[in-house]
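Here's the structure we're looking at; comments come further down.
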Amino acid sequence: MNGLAPASRISKTSRFPAHPIAGLAGTSFKHEHLHAILGDGPKDGFFEVHAENYMGAGGPPHDALARIRRDYPVSLHGVCMSIGGPRPLDKVHLGRFKALVDRYEPALVSEHLAWSTHDTTYYNDLLPLPYTPATVSRVADHIDELQETIGRPILLENPSTYVLFAESTMSETDFIGALVQRTGCGLLLDVNNVFVSATNHGYSALSYLADFPLAHVGEIHLAGHAEQEDDEGDLLLIDSHDGPVADAVWKLFDIVIGQCGPLPTLIEWDSAIPDWPVLKAEAAAAQTILDHHGDSHQVFGKAHAAG
Amino acid sequence: MPQDELQSGDLGHRFDYAAAFTAGLLDPDRVPPDAVSGPNGKAAVKRYAVYRNNVTVSLIDALAASFPATLGITGPDFFRAMARFHIRETPPTSPLLFEYGHDFPDFIERYDYARPMPWLADVARLERAWLDAYHAADAEPLACVALGSIPPERLADTVFVPHPATRAMRSRYPVVTIFAANRRDRPVGRIEADGPEDALVTRPGLEVFVRHLPPGGAAFLDRLMAGEPLGAAAAAAFAETAEFDLAANIAGLLQAGAFTAAHQGG
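Residue numbers (UniProt numbering), protein chains in the order written: chain W, 1 to 307; chain Y, 1 to 266.
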């Protein structure tokens with residue numbers, strides 16, 4: 001089957017309302033919440049979906065996503081493009097991804113700085129890569145190819161990691177900065193990932209954020225994490241997406257939004273999924289912080305204009 | 001990290017990080033790759049195990065989500081052990097996890113511990129067909145009345161276009177009964193059926209339906225789905241069993257939404 005075929009037949013006419021996403025909080029979209037959302041959805045908000053779950057030909061997944069997309073902005077989040085892998089991108093998968101972008105006209109499109117396929121095996125995890133000038137070049141080529149295929153820039157997400165590569169010669173923030181410069185991509189700042197990686201590798205999350213190219217961030221992710229121990233008995237955090245956002249992550253989020261102003265912010269919750277009201281309340285908490293800083297940013301803006 | 005393990009300067013090994021990293025992901029006996037560590041040279045055994053655990057557990061979860069009746073029959077411990085063996089033998093090759101598990105029923109058939117449940121592989125086959133139907137392309141099914149426009153003398157030449165979701169499956173076991181009992185959110189009582197059951201899976205709209213095909217029905221549908229005309233398909237079904245009821249089978253298939261079109265062949 002040619003994955004590119006359906007996309008080429010899509011007309012340029014919009015099939016869905018534009019639905020602006022600026023300054024909104026949103027949640028992962030889970031099918032079990034569809035009826036609750038249609039009955040008791042947020043007045044303003046957005047939903048993010050994992051692209052691969054909608055790469056079947058038809059059936060209930062597409063019906064549900066179309067219903068959500070009619071009423072809300074949608075963020076399309078790719079999980080397994082393997083941008084961070086050494087091998088060429090999968091052309092069939094690129095075609096499927098483009099077809100989804102064309103079909104659902106998402107407000108945001110994002111992928112991960114990670115890889116998940118090697119040779120013929122798909123590992124279904126976000127695996128880490130060494131940070132070197134050679135891998136910058138390879139990953140930048142992959143981002144270029146993806147952006148050219150879909151005809152728009154993507155947001156690249158910083159990873160949560162558990163190991164470091166001996167051959168790395170660059171910091172993660174320098175690596176990400178180099179990718180932004182080379183490809184013109186935007187960034188998805190996962191604040192929980194920052195906190196998890198900082199804890200796991202013994203650096204300060206605030207200094208990571210100070211080095212991060214915040215001006216290029218177009219979306220924020222917040223999620224829960226779990227606690228384990230490493231070989232030395234020290235705390236090892238796991239990016240588990242199975243619970244509420246930790247207090248420390250809320251604090252970092254508040255600092256980031258204070259600096260950047262309100263950015264579209266997603267509550268990610270992918271396993272041990274709670275009832276819809278719980279998820280809705282987490283998004284409302286994020287919206288409160290966004291609105292608080294939105295107001296103060298506006299006030300500063302007005303004061304500036306008046307002065 | 002010993003210097004002789006660092007290969008970053010060697011162009012030939014510049015992109016070996018993925019090969020080195022994946023070598024132990026599906027093999028719990030392998031030590032972590034030399035290329036990785038914790039900060040300040042801390043060990044990476046438990047750290048690498050996070051990735052190995054993510055890979056294995058998420059793939060077992062994917063199979064559990066795709067084969068809920070199989071899981072219900074075996075119980076979670078049995079199912080997860082069986083799935084783990086399958087994942088190590090046949091990991092997914094596509095990032096579309098709803099496509100994973102087409103080889104799982106054959107694995108179950110070969111799995112020693114499943115021998116006392118000879119019908120388990122067929123239940124898994126039916127669940128796989130159900131999921132294929134769930135994700136199949138949308139199409140309007142052929143209405144029951146549509147056949148009325150075909151002159152009776154041309155009916156034998158009529159060729160049917162199968163709906164993208166339609167699947168037929170034969171079983172030596174009461175697979176439809178076992179499947180249906182284990183896909184409900186209710187305790188499963190004693191299953192009295194013991195004869196063979198052939199299954200029809202369709203999805204005329206958004207809901208997947210699993211039906212019991214009558215005697216000869218599977219032979220009839222197999223031929224029709226292969227593009228053979230109605231007359232030849234009916235002859236094949238009669239050859240298999242004299243019980244075959246042509247009118248009831250056509251009506252049943254149309255009612256289930258098994259086709260999208262019918263036209264005169266030849």
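Note that CB positions come from ideal geometry on N, CA and C, so glycine has one too.
Worksheet entry | Beta-carbon gap between W/D270 and W/H241 smaller than 8 angstroms | The residue you call residue 270 of chain W lines up with position 270 of the first sequence. The residue you call residue 241 of chain W lines up with position 241 of the first sequence. Their beta carbons are under 8 angstroms apart, which means W/D270 touches W/H241 by this criterion.
Discussion item. With the cut-off set at 8 angstroms, would you say W/A57 and Y/A136 are in Cβ contact?
Written reply: Counting from one through the first sequence, the residue named residue 57 of chain W turns up at place 57. Counting from one through the second sequence, the residue named residue 136 of chain Y turns up at place 136. It is a contact, given that the beta carbons lie within the stated cut-off.
Worksheet item: Where does Y/P162 sit, in a helix, a strand or coil, going by DSSP?
Response: Numbered from its first residue, the second sequence carries residue 162 of chain Y at position 162. DSSP places Y/P162 in strand when its eight states are reduced to three.
Worksheet entry | Where W/S116 falls: helix, strand or coil (DSSP) | Position 116 of the first sequence, counted from the first residue, corresponds to residue 116 of chain W. Correct three-state label for W/S116: strand.
Item to complete: Output yes if chain Y places a C-beta closer than 8 angstroms to the C-beta of W/M170; else output no.
Response: The sequence position of residue 170 of chain W within the first sequence is 170, counting from 1. With 8 angstroms as the cut-off, W/M170 does not count as an interface residue toward chain Y.
Practice prompt. Going by DSSP, name the residue or residues bridged to W/I238.
Written response: Counting from one through the first sequence, the residue named residue 238 of chain W turns up at place 238. In DSSP, W/I238 forms a bridge with W/A226.
Fill in: Helix, strand or coil at W/G26 [DSSP, three-state]
As a working mapping, residue 26 of chain W is identified with position 26 in the first sequence. It is a strand residue.
Fill in: Residue-chain proximity (Y/L97, chain W), Cβ-Cβ < 8 angstroms
Along the second sequence, read from residue 1 onward, the residue named residue 97 of chain Y stands at position 97. Yes, contact with chain W.
Worksheet entry | Per-residue DSSP class, three states only, for Y/P2 | Counted from its first residue, the second sequence places residue 2 of chain Y at position 2. With a pLDDT of 39 at Y/P2, under the threshold of 50, the modelled position of this residue cannot be trusted; read the value that follows with caution. Y/P2 falls in the coil class under three-state DSSP.
Worksheet item: For a contact meaning CB atoms closer than 8 angstroms, what does Y/R203 contact in chain W?
Response: Within the second sequence, the letter at position 203 stands for residue 203 of chain Y. Within chain W, the residues near Y/R203 are G59.
Worksheet entry | Collapsed DSSP secondary structure at residue 298 of chain Y in the structure displayed | Lying outside 1 to 266, the shown extent of chain Y, residue 298 of chain Y is not represented and no answer is given.
Discussion item. With a threshold of 8 angstroms between beta-carbons, can Y/Y134 be considered close to chain W, or not?
Written reply: Here residue 134 of chain Y refers to the residue found at position 134 of the second sequence. Closer than 8 angstroms to some Cβ of chain W, the Cβ of Y/Y134 qualifies, so yes.
Practice prompt. Kindly indicate the opening and closing residues of the beta strand (DSSP E) around Y/T202.
Written response: As a working note, residue 202 of chain Y is residue 202 in the second sequence. Per DSSP, Y/T202 belongs to the beta strand (DSSP E) from D198 to T202.
Worksheet item: To the nearest angstrom, how far is it from the Cα of Y/A256 to the Cα of W/P106?
Response: As a position in the second sequence, residue 256 of chain Y is number 256, starting the count at 1. As a position in the first sequence, residue 106 of chain W is number 106, starting the count at 1. Computed Cα separation, rounded: 36 angstroms.
Worksheet item: Would you report the Cα separation of W/N158 and W/P128, rounded to the nearest angstrom?
Response: The residue you call residue 158 of chain W lines up with position 158 of the first sequence. The residue you call residue 128 of chain W lines up with position 128 of the first sequence. Roughly 11 angstroms separates the two Cα atoms.
Worksheet item: Sorted by chain position, which residues of the same chain lie with C-beta nearer than 6 angstroms to W/V196's C-beta, five sequence neighbours on each side aside?
Response: By one-based count along the first sequence, residue 196 of chain W stands at place 196. Once the five neighbours on either side are set aside, the close Cβ partners of W/V196 are S160, H225, L237 and D239.
Practice prompt. Check whether the Cβ of Y/P174 lies closer than 8 angstroms to any Cβ atom in chain W.
Written response: What you label residue 174 of chain Y is simply residue 174 of the second sequence in a count that begins at 1. For Y/P174, the answer is no, since every Cβ of chain W falls outside 8 angstroms of its Cβ.
Item to complete: With DSSP collapsed to three states, give me the class of Y/D10.
Response: On the second sequence, residue 10 of chain Y is found 10 positions in, with the first residue counted as 1. In this predicted model, Y/D10 has a pLDDT of only 42, less than 50, meaning its place in the structure is not dependable; the value taken from the coordinates is given anyway. Coil, per DSSP.
Worksheet item: Bridge partners of Y/R211, per DSSP?
Response: In the second sequence, residue 211 of chain Y corresponds to position 211, counting from 1. Y/R211 is bridged to Y/L200.
Discussion item. Please report whether the beta-carbon of Y/L25 lies at a distance below 8 angstroms from any beta-carbon of chain W.
Written reply: Walking along the second sequence from the start, residue 25 of chain Y turns up at place 25. Output row for Y/L25: interface = yes.
Item to complete: Please report how far the alpha carbon of W/D285 lies from the alpha carbon of W/G186, in whole angstroms.
Response: Counting from one through the first sequence, the residue named residue 285 of chain W turns up at place 285. Counting from one through the first sequence, the residue named residue 186 of chain W turns up at place 186. Residue 285 of chain W is actually Ala in this sequence, not Asp. Cα-Cα distance, rounded: 25 angstroms.
Worksheet item: Taking Cβ positions only, does Y/N249 come closer than 8 angstroms to chain W?
Response: Position 249 of the second sequence holds residue 249 of chain Y. False, the Cβ-Cβ gap to chain W never drops below 8 angstroms.
Fill in: Y/Y111 versus Y/E89, Y/G205, Y/P95 and Y/L131, residue with shortest Cα-Cα distance
Taking the first residue of the second sequence as position 1, residue 111 of chain Y is located at position 111. Considering only alpha carbons, the answer is Y/E89.
Item to complete: To the nearest angstrom, report how far apart Y/D10 and Y/F21 are at their CA atoms.
Response: Along the second sequence, one-based indexing puts residue 10 of chain Y at 10. Along the second sequence, one-based indexing puts residue 21 of chain Y at 21. Note that Y/D10 scores 42 on pLDDT, short of 50, meaning its location in the model is unreliable and no value can be drawn from it.
Discussion item. If you reduce the DSSP assignment to three classes, tell me which class W/I37 lands in.
Written reply: What you label residue 37 of chain W is simply residue 37 of the first sequence in a count that begins at 1. Correct three-state label for W/I37: helix.
Worksheet item: chain Y beta carbons: is any one of them nearer than 8 angstroms to that of W/V139?
Response: Here the question's residue 139 of chain W lines up with position 139 in the first sequence. Answer no: the Cβ-Cβ gap between W/V139 and chain Y never drops below 8 angstroms.
Worksheet item: Assuming W/H118 contacts W/G85 under a Cβ cut-off of 8 angstroms, what Cβ separation, rounded to an integer in Å, is found between them?
Response: Residue mapping note: residue 118 of chain W aligns to position 118 of the first sequence, counting from 1. Residue mapping note: residue 85 of chain W aligns to position 85 of the first sequence, counting from 1. At roughly 6 angstroms, the Cβ-Cβ gap stays under 8 angstroms, so W/H118 and W/G85 are in contact.
Item to complete: Taking only the alpha-carbon atoms, compute the straight-line gap between Y/L25 and Y/V36 and give it to the nearest angstrom.
Response: Taking the first residue of the second sequence as position 1, residue 25 of chain Y is located at position 25. Taking the first residue of the second sequence as position 1, residue 36 of chain Y is located at position 36. So the two alpha carbons sit approximately 13 angstroms from each other.
Worksheet item: Would you call the segment 217-224 of chain Y and the segment 72-83 of chain W in contact, with 3 or more CB pairs under 8 angstroms?
Response: no
Practice prompt. Please report how far the alpha carbon of W/D71 lies from the alpha carbon of W/E48, in whole angstroms.
Written response: Here residue 71 of chain W refers to the residue found at position 71 when the first sequence is read from its first residue. Here residue 48 of chain W refers to the residue found at position 48 when the first sequence is read from its first residue. About 13 angstroms.
Discussion item. Does the contact criterion of 3 or more C-beta pairs under 8 angstroms hold for the segment 243-254 of chain Y versus the segment 126-134 of chain Y?
Written reply: no
Worksheet item: Does the Cβ-Cβ distance between W/L209 and W/V136 come in under 8 angstroms?
Response: Counting from 1 along the first sequence, the entry for residue 209 of chain W is found at position 209. Counting from 1 along the first sequence, the entry for residue 136 of chain W is found at position 136. Contact: no.
Worksheet entry | C-alpha gap between Y/D122 and Y/A18, whole angstroms | Within the second sequence, residue 122 of chain Y is the residue found at index 122, counting from 1. Within the second sequence, residue 18 of chain Y is the residue found at index 18, counting from 1. Answer to the nearest angstrom: the Cα atoms are 37 angstroms apart.
Item to complete: Return the chain-ordered ranges of every alpha helix (DSSP H) run that is complete within the segment 190-225 of chain W and spans a minimum of 4 residues.
Response: 191-201 and 205-211
Fill in: W/E32: CB within 7 angstroms of a non-hydrogen atom of the ligand HEM
The ligand HEM is absent from the structure shown, which contains no ligands of any kind.
Worksheet item: So residue 267 of chain Y packs on Y/T177, CB below 8 angstroms; how close in whole Å?
Response: Summary: the structure shown does not reach residue 267 of chain Y, with chain Y confined to residues 1 through 266, and so no result is reported for it.
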